[in-house]
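Residue numbers (my numbering), protein chains in the order written: chain A, 1 to 65; chain B, 1 to 65.
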């Protein structure tokens, strides 16, 4: 399976926020992530980087300005 | 391997623009894609959707306004 884990950048650290992500869509200015079991996470962030062979999705928070 | 293919939305059609994508990064308002062989594509687009189990990255063009 080619799911990935989602990490949110906090300063220079990566904090894992969701595992086994299959689908990701834009959602009301942020993102909707869905894992391989159909569980969902809505997060006020955008994609900064993908590293698919490493199974990583790196997210960064959106400033609510 | 868990690379994916990148498709650019053209109306309601998906046109494959790059295969075997491993890494993707934000780059000067658009995206820098790198495949598993180290080849790179810079594209004026953003991620609309991921479907990792289906090995798909769906991109949409950025209006140059």
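Glycine included, each C-beta is placed from N, C-alpha and C at the ideal position.
Flagged as an interface residue toward chain A: residue 21/B, by a C-beta distance shorter than 8 Å. Beta bridge pairing from DSSP links residue 41/A with 33/A. Contact annotation for residue 55/B against chain A: 2 [CB-CB distance below 7 Å, chain order]. Straight through space, the alpha carbons of residue 35/B and residue 19/B are spaced by roughly 7 Å. The beta-carbon of residue 6/A is placed no less than 8 Å from the nearest beta-carbon of chain B.
Contact with chain B is absent for residue 61/A, since none of that chain's Cβ atoms lies less than 8 Å from the residue's Cβ.
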